[in-house]
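Worksheet: the structure to be examined is printed underneath.
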Amino acid sequence: MRRDDPAEPAPDGPRLRPLSARSVVLSLLLGTHPPELPARELGRLVERFDLGGSTLRAALSRMVAAGDLRRTDTGYRLSDRLLERQRRQDESVRPRTRAWDGDWELVVVTASGRGPAERAELRARLAGLRLAELREGVWLRPANLERPLPAALDEVAERGTTRPARPAAELAALLWPLDAWSGEARTLLGHVGRTGRPAERLTLFAAVVRHLLADPVLPPSLLPAGWPGDALRAAYADYRRELEGEVRSLVGGGRPHADVRAEDRRP
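Now the structure itself:
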């Protein structure tokens with residue numbers, strides 16, 4: 014393969030998996046507001062990403078059967094199950110922060126007798142809130158995000174605020190792999206200008222969004238020097254504008270942009 018093919022990158026490039034037809038459709042609809050596209054325009058749009066009509070039709074049929082999409086009078090819409098995911102991803106890609114006063118959010122899991130699936134689901138929920146696990150059942154993060162912790166956590170955990178004795182920057186470096194995140198972000202940024210084909214760019218920016226979802230969004234004082242989070246978000250915003258014109262030209266100027274979100278990786 015070519016050196017700049019994201020499916021098989023150069024040794025110093027990001028390791029990207031080609032998107033399936035399902036992933037392409039979800040990437041587009043998860044970023045469309047409202048999350049619905051007419052069937053004809055959806056077909057024309059995915060042609061840019063090397064998907065043929067028969068492949069798309071088969072993927073749409075499977076997605077409706079699996080509960081990912083709903084048929085509408087004119088096209089396809091995200092199911093209610095994925096609307097909540099869209100909301101979480103919107104908040105994650107555009108995190109709202111506040112000035113940090115030194116407090117940390119603390120969640121201590123108290124529920125017992127849960128099976129492996131329930132424990133895994135709770136861990137995913139807590140990680141999705143950008144909390145990190147200090148030890149089993151003890152999760153925390155700086156209290157700099159403008160978002161409340163869900164009240165449903167009270168059923169399985171105690172929550173509050175704390176000020177750990179350990180220096181904050183040292184604790185942040187213990188909780189999150191900051192150097193690894195920064196290195197991968199720089200690798201992705203370096204690939205942005207080297208990837209030209211629409212399908213390759215969609216694959217690359219789907220990886221960008223997945224990486225942004227793992228950004229702990231820490232207060233600036235706790236980040237390593239030269240943290241590339243803002244630069245990666247800016248690159249994503251530029252790509253979003255690229256797709257905006259294409260989608261509006263197909264479905265009309267009144268519909269907001271369709272941008273790339275982190276897609277489900279199931280086959």
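With this note's numbering applied, the sequence shown covers 14 to 280. Cβ coordinates follow ideal geometry from the N, Cα and C atoms, glycine included. Just so you know, these numbers come straight off a predicted model, no measurement behind them.
Those residues which DSSP pairs with residue i across a bridge
{"i": "residue 49", "result": "90"}
{"i": "residue 120", "result": "152 and 172"}
{"i": "residue 146", "result": "152"}
For residue j and residue i, believed in contact at Cβ under 8 angstroms, the rounded distance
{"i": "residue 82", "j": "residue 260", "result": "Incorrect: roughly 17 angstroms between the Cβ atoms, too far for contact."}
{"i": "residue 222", "j": "residue 37", "result": "Wrong, their Cβ atoms sit about 14 angstroms apart, outside the cutoff."}
{"i": "residue 88", "j": "residue 51", "result": "4 angstroms"}
{"i": "residue 194", "j": "residue 227", "result": "6 angstroms"}
{"i": "residue 135", "j": "residue 188", "result": "No, residue 135 and residue 188 are not in contact; Cβ-Cβ is about 18 angstroms, not under 8 angstroms."}
As assigned by DSSP and simplified to three states, the class of residue i
{"i": "residue 203", "result": "helix"}
{"i": "residue 188", "result": "helix"}
{"i": "residue 226", "result": "helix"}
{"i": "residue 32", "result": "coil"}
{"i": "residue 266", "result": "Residue confidence for residue 266 is low, a pLDDT of 49 falling below 50, so the modelled location carries little weight; the figure read from the coordinates is stated next. Coil, per DSSP."}
{"i": "residue 254", "result": "helix"}
{"i": "residue 281", "result": "Absent from the model: residue 281. The displayed extent of the chain is 14 to 280, so no value can be given."}
{"i": "residue 261", "result": "helix"}
{"i": "residue 232", "result": "coil"}
{"i": "residue 125", "result": "coil"}
{"i": "residue 240", "result": "coil"}
{"i": "residue 56", "result": "helix"}
{"i": "residue 18", "result": "Reliability of the predicted coordinates at residue 18 is poor, the pLDDT of 40 falling under 50, and the value obtained from them is presented with this limitation in mind. Coil, per DSSP."}
{"i": "residue 103", "result": "helix"}
{"i": "residue 178", "result": "coil"}
{"i": "residue 62", "result": "coil"}
{"i": "residue 196", "result": "helix"}
CB contact flag (residue i, residue j, <8 angstroms)
{"i": "residue 145", "j": "residue 158", "result": "no"}
{"i": "residue 241", "j": "residue 202", "result": "yes"}
{"i": "residue 117", "j": "residue 163", "result": "no"}
{"i": "residue 143", "j": "residue 31", "result": "no"}
{"i": "residue 256", "j": "residue 29", "result": "no"}
{"i": "residue 94", "j": "residue 80", "result": "yes"}
{"i": "residue 78", "j": "residue 122", "result": "no"}
{"i": "residue 225", "j": "residue 245", "result": "yes"}
{"i": "residue 54", "j": "residue 263", "result": "yes"}
{"i": "residue 211", "j": "residue 62", "result": "yes"}
{"i": "residue 250", "j": "residue 205", "result": "no"}
{"i": "residue 64", "j": "residue 120", "result": "no"}
{"i": "residue 44", "j": "residue 56", "result": "no"}
{"i": "residue 160", "j": "residue 97", "result": "no"}
{"i": "residue 185", "j": "residue 235", "result": "yes"}
{"i": "residue 72", "j": "residue 112", "result": "no"}
{"i": "residue 40", "j": "residue 220", "result": "no"}
{"i": "residue 48", "j": "residue 99", "result": "yes"}
Endpoints, beta strand (DSSP E) assigned at residue i
{"i": "residue 174", "result": "170-175"}
{"i": "residue 154", "result": "151-155"}
{"i": "residue 84", "result": "82-84"}
Host alpha helix (DSSP H) of residue i (start-end)
{"i": "residue 111", "result": "First-last for residue 111: undefined, no H or E at that position."}
{"i": "residue 163", "result": "Looking at the DSSP string, residue 163 is not in any alpha helix (DSSP H), and its letter there is neither H nor E."}
{"i": "residue 74", "result": "66-79"}
{"i": "residue 136", "result": "129-141"}
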